[in-house]
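Protein chains: 2
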Amino acid sequence: MSKRIEPRTLKGFRDYLPDAMMARERLINTARGVYRSYGFSPIDTPALEYLEILTGKGGEETDKQIYRFQDSGDRWVGLRFDLTVPLARFAAQHIAELGTPFKRYHIASVWRGENTQRGRYREFMQCDFDTIGTRSPAADIETALVIHDLLRAIGFERFTLRINNRLVLNGLLDRLGLAEKSKAVLIALDKLAKIGREKVADEMARTAGATPEQVNEVLRLAELAGENQEILRKLEPMVAGSAAGQEGVARLAELLAAVEAAGVPCERVRLDVSIARGLDYYTGAIFETFLDELPGIGSVCSGGRYDRLASLYTNQELPGVGASLGLDRLLAAMEELGMLAKVTTPAEVFIAYFVADRLHDYLRLAAHLRAAGIGVELYPEPKRLGQQLKYADRRGFRVALIAGEDELAAGTCQVKDLASGNSQTVGLAGGDSAVLAAVNAILASRL
Amino acid sequence: MSKRIEPRTLKGFRDYLPDAMMARERLINTARGVYRSYGFSPIDTPALEYLEILTGKGGEETDKQIYRFQDSGDRWVGLRFDLTVPLARFAAQHIAELGTPFKRYHIASVWRGENTQRGRYREFMQCDFDTIGTRSPAADIETALVIHDLLRAIGFERFTLRINNRLVLNGLLDRLGLAEKSKAVLIALDKLAKIGREKVADEMARTAGATPEQVNEVLRLAELAGENQEILRKLEPMVAGSAAGQEGVARLAELLAAVEAAGVPCERVRLDVSIARGLDYYTGAIFETFLDELPGIGSVCSGGRYDRLASLYTNQELPGVGASLGLDRLLAAMEELGMLAKVTTPAEVFIAYFVADRLHDYLRLAAHLRAAGIGVELYPEPKRLGQQLKYADRRGFRVALIAGEDELAAGTCQVKDLASGNSQTVGLAGGDSAVLAAVNAILASRL
Chain R
1 MSKRIEPRTL KGFRDYLPDA MMARERLINT ARGVYRSYGF SPIDTPALEY LEILTGKGGE
61 ETDKQIYRFQ DSGDRWVGLR FDLTVPLARF AAQHIAELGT PFKRYHIASV WRGENTQRGR
121 YREFMQCDFD TIGTRSPAAD IETALVIHDL LRAIGFERFT LRINNRLVLN GLLDRLGLAE
181 KSKAVLIALD KLAKIGREKV ADEMARTAGA TPEQVNEVLR LAELAGENQE ILRKLEPMVA
241 GSAAGQEGVA RLAELLAAVE AAGVPCERVR LDVSIARGLD YYTGAIFETF LDELPGIGSV
301 CSGGRYDRLA SLYTNQELPG VGASLGLDRL LAAMEELGML AKVTTPAEVF IAYFVADRLH
361 DYLRLAAHLR AAGIGVELYP EPKRLGQQLK YADRRGFRVA LIAGEDELAA GTCQVKDLAS
421 GNSQTVGLAG GDSAVLAAVN AILASRL
Chain V
1001 MSKRIEPRTL KGFRDYLPDA MMARERLINT ARGVYRSYGF SPIDTPALEY LEILTGKGGE
1061 ETDKQIYRFQ DSGDRWVGLR FDLTVPLARF AAQHIAELGT PFKRYHIASV WRGENTQRGR
1121 YREFMQCDFD TIGTRSPAAD IETALVIHDL LRAIGFERFT LRINNRLVLN GLLDRLGLAE
1181 KSKAVLIALD KLAKIGREKV ADEMARTAGA TPEQVNEVLR LAELAGENQE ILRKLEPMVA
1241 GSAAGQEGVA RLAELLAAVE AAGVPCERVR LDVSIARGLD YYTGAIFETF LDELPGIGSV
1301 CSGGRYDRLA SLYTNQELPG VGASLGLDRL LAAMEELGML AKVTTPAEVF IAYFVADRLH
1361 DYLRLAAHLR AAGIGVELYP EPKRLGQQLK YADRRGFRVA LIAGEDELAA GTCQVKDLAS
1421 GNSQTVGLAG GDSAVLAAVN AILASRL
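Heads up: the protein sequence lines correspond to chains R and V, in order. Sequential numbering from 1 applies to the first sequence in my numbering. Sequential numbering from 1001 applies to the second sequence in my numbering.
As structure tokens, then:
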């Protein structure tokens, strides 16, 4: 025997045990159903890409976090750190074959060598959907509708979709003659919530050379509050004379009207001119989604419009719009809100393996129930019944079927409701239809 | 603009475009459903593990194929090359918390730096299920039933599950006094189909020091053919006097009887003493599954019993039994057999965006159909109708809804069956219930 190796996961990584994994599978299935209901198709891309595909896309901080190495053919490769860069590469490579509009979803793991002290994991799942190849406002509207339907389908009622349009700020900077400095202004503005008004103003003066009047105008825009229509009215004069700014305001108005027409309650959508999301990437609509009961966890579904997706890989114009559901963040929120049903077994019915030489009877019974669409676990060993029922209890089965020597001789079986403890004796003749009926009655009683 | 980067995937890796990915998702869903119906729960483990966890488990060849590197904390890490080694590590780490029997499935990507000239990919999905913590024959039987149900649920009728038990050969070697040389005998025997009887005999004589009589006995065993019961009868004298061999034969007999009792047609299960599967790993039952129409592609679902799963990581005994569905091989087979339905859109209904300023009407219609469980894609731009219908045709929608200025003014909509080309005009009043009925009639007509 060689020396023992300590069984452990890498720092920053984790195993998913059945409970956590079942919740994740359920959430993914829900997302997939919503994406598909809008005509988004699944794709997948390799976990490993040429390093040159990945670097320089997400900024210096992201570059540092990429898991990178030379493979056995001395190629520099990296593990993907998001699903957007692979989408850009994928679109540049395949769009001629696929045609536009191209609507895809992609649910897969990504890896980042993050600082684990912040409670972050180095491997996590992303769950993205995007529409590529159209600049139409209808695609922006649909993105908002998908986000709304996703949250509803997962089971949330109280959430707020915050929307903005990058063109609005661009328009103001245009009017103020600060268009060339937009990056510096955005970097400073992004810190508003963290460092406050005064320090942001200092930074804008320093890095963008903004005058106090200019700083004032920018902050006045970012701090606009109130009803959606009220904000829209206030925005109009602020971007007057800038075509981009006017288009931004018009698109926001259009988006608000359309999502309401499609049935989204108006209190769930809020115009928020302060959200910016990243610095260089987005060029139009921006979306963030907050749970009203847990605003502190941040946005659980974010995205927006970008018009230069694949420009590093192709000279074809590939505008797009989409968003990403934060699976892990959502799961944590659902746990905190008590929304994760405690289910520990994917099968609902437990069959005790009672009499050692009657295995065939138990196998037949299990097969009949499965053929009727009911999940059944047969205990693998003819152990003491008490031990088996303890296992059944711990695993969270809803029904136990128990047939000892006497029952089998009489052609019957006990059907036990594990929640109430009630038990009834049912005949096994006639293709187990009486057992099936009794099981279904118990399962239906607690739905 | 920085210089352009060529959009390409790494050698040995591939993208999944929507058609391929939809087929893969469907297959995975089917497998998941079958696993769950037997009470298997999902788990997941990290793609990256400490290198010491991975090496030395799958033999020298596998070790060479592991993607390995030092992470930014100078830890040596590797990408998992299968799901069995992570299961062993996982079980050693968590089994005290989870208890036994522990039944899990795991569907995830693995990576191997294989020689791509053999048409192999360096990233592929595995789809495993295992029962840990019991030596009971009932768990072996269940493994065979799961494999059978899997193939049936995927849509196969003509396939053969080949079973063997490692104890049978061990028993013979025991009787022949070759028990100590079993590894050398197995290595030679494994080549029988490839290099033929004579060369295998030479090798056994050379590496295991087997006499011609011993070689003869071993080959006679491996070449046993005929009906299952006939083989069982012939095996008995060959293992006489060896407790292990007799147990192997008894377990095979028990397995055959039980799967038949559970409803598996007997022609789908065949005792095949020649299958060995790997060298050191399996200790009992062995399973392989072949498609009758495509035997050349090899086994599509293989596995068996192993009794020393986690011995490298823990001194707790963790016997197990399970199998792995070969997703990629199965998908290739299904394509060859014409079993992959040509579906190019996950949504079935297409709504043309006909009149530019009537977007709200189209959005409302789409929302109503989705609320009724029907997938709907709305074209994102008010382009020429011909162009939109060409897109709808290419994507494989089944129904198109077309409402121009005249229809909308009259409160109606055209419902077009895209297969037959037939079109009918339906009223939009009353919550779109007439449209819903017309759409459902078309969808039902082609199921």
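Glycine is no exception: its CB is placed at the ideal position from the N, C-alpha and C atoms.
Nearest to Arg233(R) by C-alpha distance, out of Leu271(R), Glu203(R), Ala244(R) and Ala208(R), is Leu271(R). Secondary structure at Ile1286(V): strand, using DSSP grouped into helix, strand and coil. Remark: C-beta atoms of Gln1229(V) and Val1239(V) do not approach each other more closely than 8 Å.
No Cβ of chain V is located within less than 8 Å of the beta carbon of Ser433(R). Contacts with chain R (Cβ-Cβ distance below 9 Å) from the region 1370-1386 of chain V involve Arg1370, Ala1371, Gly1373, Ile1374, Gly1375, Val1376, Glu1377, Leu1378, Tyr1379, Pro1380, Glu1381 and Pro1382, listed in chain order. If the five residues before and after Leu340(R) are omitted, its C-beta is found closer than 7 Å to the C-beta atoms of Ala23 and Met334, all from its own chain and listed in chain order.
The DSSP-derived three-state label of Val185(R) is helix. Here Arg1032(V) carries a helix assignment [DSSP, helix/strand/coil]. Counting C-beta pairs with one atom in each stretch, the region 1407-1416 of chain V and the region 1426-1442 of chain V have three or more that are closer than 8 Å, which means they touch. Excluding sequence positions up to five before and after Tyr38(R), its CB lies within less than 7 Å of the CB of Glu142 and Val146, all in the same chain and listed in chain order. Between Leu1378(V) and Ala1400(V) a beta carbon distance of about 11 Å is seen, past the 8 Å cut, so the two are scored as non-contacting. With a beta-carbon spacing of about 11 Å, Thr289(R) and Ile154(R) fall beyond the 8 Å limit used to define contacts. Of the other Cβ atoms in all chains shown, fewer than 16 fall within 10 Å of the Cβ of Lys1191(V); this residue is therefore exposed. Scanning chain R for C-beta atoms nearer than 7 Å to the C-beta of Ile1147(V) yields nothing, as the closest lies near 14 Å away. Buried is the label assigned to Trp111(R), since at least 16 other Cβ atoms lie within 10 Å of its Cβ. Close CB contacts of Thr100(R) within its chain, under the 6 Å cut and outside five residues either way in sequence, are with Gly133 (chain order). Within 7 Å of the CB of Phe69(R), the CB atoms of chain V belong to Phe1069, in sequence order along the chain. Under the 8 Å criterion on CB atoms, Gln1093(V) is classed as interfacial with respect to chain R.
Nearest Cα to Ala250(R) within the set Glu236(R), Gly263(R), Gly241(R) and Glu260(R): Glu236(R). Taking 7 Å as the cut-off between beta carbons, the residues of the region 1121-1140 of chain V near chain R are Glu1123, Thr1131, Thr1134, Ser1136, Ala1138 and Ala1139, in sequence order. Chain V has a Cβ within less than 8 Å of the Cβ of Gly99(R).
Excluding sequence positions up to five before and after Ala285(R), its CB lies within less than 6 Å of the CB of Asp140, Asn165, Gly304 and Arg305, all in the same chain and listed in chain order.
In the DSSP assignment, Tyr391(R) falls outside any beta strand (DSSP E) and lies within the alpha helix (DSSP H) extending over Leu385 to Arg395.
Per DSSP, reduced to three states, the secondary structure at Asp1063(V) is helical. Look at Ile5(R) here: in three-state DSSP terms it is coil, with no helix or strand label. Every alpha helix (DSSP H) stretch that sits fully inside the region 188-227 of chain R and reaches 4 residues is listed by chain position as 192-208 and 212-222.
At a beta-carbon threshold of 7 Å, none of the residues of chain V lie near Arg26(R); the nearest stands roughly 10 Å away. At least 8 Å separates the CB of Glu1335(V) from every CB of chain R. Neighbourhood of Arg364(R) in chain V, by CB distance below 8 Å: Ala1261, Ala1262 and Gly1263, in chain order. For the region 1044-1057 of chain V, the beta-carbon criterion of a distance under 9 Å to any beta-carbon of chain R is satisfied by Asp1044, Thr1045, Pro1046, Ala1047, Leu1048, Glu1049, Tyr1050, Glu1052, Ile1053 and Gly1056. Considering only beta carbons, the part of the region 7-31 of chain R lying closer than 8 Å to chain V consists of Pro7, Arg8, Thr9, Leu10, Lys11, Phe13, Arg14, Asp15, Tyr16, Leu17, Pro18, Met21, Met22, Arg24 and Glu25, in chain order. Judged by DSSP in its simplified three-state form, Thr1100(V) adopts coil rather than helix or strand. For Arg1104(V), the C-beta contacts it makes with chain R under 8 Å involve Pro18, in order along the chain. For the set Ala179(R), Ile163(R) and Glu52(R), the Cα lying nearest the Cα of Trp76(R) is the one of Glu52(R). What Tyr1313(V) touches in chain R, judged by beta-carbon distance under 8 Å, is Arg4, Ile5, Glu6 and Pro7, going in chain order. DSSP places Ala138(R) in no beta strand (DSSP E) but in the uninterrupted alpha helix (DSSP H) bounded by Pro137 to Ile154.
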